[in-house]
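> FYI, in full-length UniProt numbering the residues of the sequence shown are 1 to 446. Idealized CB from N, CA, C, for every residue including glycine. Quick one: the structure is below, and I'll ask about it shortly.
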Amino acid sequence: MADIRTYNVVILGIGFLLIFTAFTTCGNIEQTVVKSLNSTNFTGSGYHSLGIIYGVFSFCNVLAPTIVAIIGPQFTMFLSGVLYSGYIAVFIIPSTWSFYFTSVVIGIGAAMLWTAQGHFLVENSDASTINRNTGLFWALLQCSMLFGNLYVYFDWKGKTEISDRDRKIMFIALLVISALGTLSFLALRKVCQQEEVFSEEEGQSLLSARLKYKQRATSAVTEAKTEFKTILEIFKTKTILLLSFCMAYSGLELSFYSGVYGTCIGATAQFGDAAKSLIGISGIVLGIGEIVGGGLFGLVLKNNRFRRTSVVFLGMVVHFVAFYLIFLNIPDDAPVVFQTSSQHKPYLVPSVSIALLCSFLLGLGDSCFNTQLYSILGRAFAEQSAPAFAIFKFIQSVFAAVAFFYSGYVLLTWQLLVMVIMGFTGTLCFFMVERMQNLSADTQEY
1 MADIRTYNVV
11 ILGIGFLLIF
21 TAFTTCGNIE
31 QTVVKSLNST
41 NFTGSGYHSL
51 GIIYGVFSFC
61 NVLAPTIVAI
71 IGPQFTMFLS
81 GVLYSGYIAV
91 FIIPSTWSFY
101 FTSVVIGIGA
111 AMLWTAQGHF
121 LVENSDASTI
131 NRNTGLFWAL
141 LQCSMLFGNL
151 YVYFDWKGKT
161 EISDRDRKIM
171 FIALLVISAL
181 GTLSFLALRK
191 VCQQEEVFSE
201 EEGQSLLSAR
211 LKYKQRATSA
221 VTEAKTEFKT
231 ILEIFKTKTI
241 LLLSFCMAYS
251 GLELSFYSGV
261 YGTCIGATAQ
271 FGDAAKSLIG
281 ISGIVLGIGE
291 IVGGGLFGLV
301 LKNNRFRRTS
311 VVFLGMVVHF
321 VAFYLIFLNI
331 PDDAPVVFQT
341 SSQHKPYLVP
351 SVSIALLCSF
361 LLGLGDSCFN
371 TQLYSILGRA
381 FAEQSAPAFA
391 IFKFIQSVFA
401 AVAFFYSGYV
411 LLTWQLLVMV
421 IMGFTGTLCF
431 FMVERMQNLS
441 ADTQEY
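Here you go:
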């Protein structure tokens, strides 16, 4: 039994590694690819597409648990993988309607995929293995930021324009990778559970099987209603209201590092022929920052040598340093320029080293905020963790969607200023919540 569960966790991680190697790479280069399209019939925006994805994802999180409970996590993940692959396939022969349609569809698929992943991971873990399995899964997932971006670097090296042939080869390769990840879900094996075993009479009757699915659907709907009520109750608490500023900031910086910053690097004319290939290197360095941050802060919290507030404060400082260097190093019109290269000149002569340092700092700072948000939510809502995390993903995704929609119209300086204001406010609110939690713990001791 233990061997089967470990096997399932490894296959699950490999499946997500492959799918998100394709999708993360796609998101990183999407706006650059869209701007390079020679077709006058295509009027889509990569920013708008990513905004739609995160917007739909945020609202579909409410319905996803019901779907997973009815059709099961394995089939849900397979179906979601097909939707992810469909979105990537659109870039091979792009059209505006299919581009935006699949953006909506993949938003639904993302909600189902992550809900099913959490369900399946818990199903294949127990109290003694949940930490190991979670660590194993996230280690595999984080590697998805490395491989696809490495391919972008080598394939686009020395190219100032992305031809139709280059685009098709790139996205056919990403489609194959995503398809392999989707097919890997079929290799998952069921863990025998008593509740899934039919009685002898039920096994003889198709009607009883249908009744069982009907009961499962009814139960899932009832649980969804109960959880929705719990979400509304938790949302009104002072803790969530304060943390919502930090959650909102995590959404803004998520959109910036995952879609906007790579586009800015690719649009910086001063980087010359290396600009497009640097998008790939930037994604790799950013991923390294995420991995280093996740591992480092996991050890820090284990040893209890630093408080959560120290890690969040470090994240704020790291991000603010990155924002200031980006402000000096990247042209102001880089995120909004409709040509393939920027026209404005930055304050400094653009430096590749500074640009990649900022990528690392963005990844490192993101891991600071996300790890500590998960940590404080797990402490403050130990008995209601699922609804609390659902609120986190909802707020984060809504603000990521909003940021993607304005990213194509607002100059870089103003985007950075919005993040600085929200980052400072979110950090301050996080400090207040941590103080509330410590006071509450001290009161309980007496």
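1. So for His-119, helix, strand or coil by DSSP?
2. Roughly how many angstroms separate the alpha carbons of Ser-407 and Val-191, rounded to a whole number?
3. Is Ser-282 near Asn-28, with beta carbons less than 9 Å apart?
4. Identify the continuous alpha helix (DSSP H) that holds Phe-313 and give its terminal residues.
5. Mapping DSSP to helix, strand and coil, what is Ser-199?
6. Taking Cβ positions, are Val-56 and Ala-139 nearer each other than 9 Å?
7. Flag this pair as yes or no: are the beta carbons of His-119 and Phe-405 separated by less than 9 Å?
8. Can you tell me the Cα-Cα spacing of Cys-429 and Cys-368, whole angstroms?
9. Measure the beta-carbon distance from Ile-391 to Ile-234 and round it to whole angstroms, keeping in mind my assumption that it falls under 8 Å.
10. Tell me the residue span of the alpha helix (DSSP H) that contains Thr-239.
11. The alpha helix (DSSP H) spanning Ile-71 covers which residue range?
12. What first and last residue would you give for the alpha helix (DSSP H) that runs through Asp-166?
13. Taking Cβ positions, are Val-90 and Phe-99 nearer each other than 9 Å?
14. Pull up the distance between the alpha-carbon of Ile-71 and that of Ala-116, whole angstroms please.
15. For the stretch 349 to 356 and the stretch 308 to 316, state whether three or more C-beta atom pairs, one from each stretch, are separated by less than 8 Å.
16. If distances are taken between C-alpha atoms only, which option among Asp-164, Leu-50 and Thr-32 comes closest to Ile-93?
17. Within this structure, are the beta carbons of Ala-22 and Ile-240 separated by less than 9 Å?
18. Compare the C-alpha of Thr-76 against each of Leu-63, Gly-109, Leu-325 and Leu-50 and name the closest.
19. Look up Val-349 in the DSSP assignment and say whether it is helix, strand or coil.
20. Given Val-260, which residues of its chain have a CB within under 6 Å of its CB, disregarding the five upstream and five downstream residues?
21. Alpha carbon to alpha carbon, what distance is there between Thr-218 and Lys-35?
22. In terms of alpha-carbon separation, which member of Phe-389, Gly-15 and Leu-146 lies closest to Gly-363?
23. Keeping to the same chain, check which residues put their C-beta closer than 6 Å to that of Gly-280; ignore five residues upstream and five downstream.
24. Alpha helix (DSSP H) containing Asn-149: first to last residue?
25. Around the Cβ of Asp-366, are there at least 16 other Cβ atoms within 10 angstroms (buried) or fewer (exposed)?
26. According to DSSP, is Asp-332 helix, strand or coil?
27. Grab me the residues of Lys-345's own chain with a C-beta within less than 7 Å of its C-beta, minus the 5 sequence neighbours each way, in chain order.
28. With 16 other CB atoms within 10 Å as the buried threshold, where does Tyr-409 fall?
29. Mark Ala-187 as exposed unless 16 or more other C-beta atoms lie within 10 angstroms of its C-beta, in which case mark it buried.
30. Can the beta-carbon of Thr-6 be found less than 9 Å from the beta-carbon of Thr-102?
31. If Asn-133 sits next to Leu-141, beta carbons under 8 Å apart, how far is it from one beta carbon to the other, in whole angstroms?
32. From Leu-17 to Glu-290, what does the alpha carbon distance come to, in whole angstroms?
33. Starting from Gly-51 and walking both ways along the alpha helix (DSSP H), at which residues does that stretch end?
34. How far does the alpha helix (DSSP H) with Ile-93 in it extend, from its first residue to its last?
35. Are the beta-carbon atoms belonging to Pro-387 and Thr-230 less than 9 Å from one another?
36. Tell me the DSSP secondary structure of Gln-384 in three-state form.
Well, looking at it:
1. helix
2. 45 Å
3. yes
4. 308 to 329
5. Confidence at Ser-199 is low in this model, with a pLDDT of 46, below 50, so the placement of that residue should be treated as unreliable; the coordinate-derived value is given next. Note: Ser-199 maps to coil in three-state DSSP.
6. no
7. no
8. 15 Å
9. 6 Å
10. 238 to 255
11. 64 to 71
12. 164 to 184
13. yes
14. 10 Å
15. no
16. Asp-164
17. no
18. Gly-109
19. coil
20. Pro-335 and Ser-407
21. 47 Å
22. Leu-146
23. Asn-149, Val-152 and Tyr-153
24. 144 to 156
25. buried
26. coil
27. Pro-331
28. exposed
29. exposed
30. no
31. Not confirmed; about 12 Å, so no contact.
32. 15 Å
33. 46 to 60
34. Here Ile-93 belongs to no alpha helix (DSSP H), and DSSP marks it neither H nor E.
35. yes
36. coil
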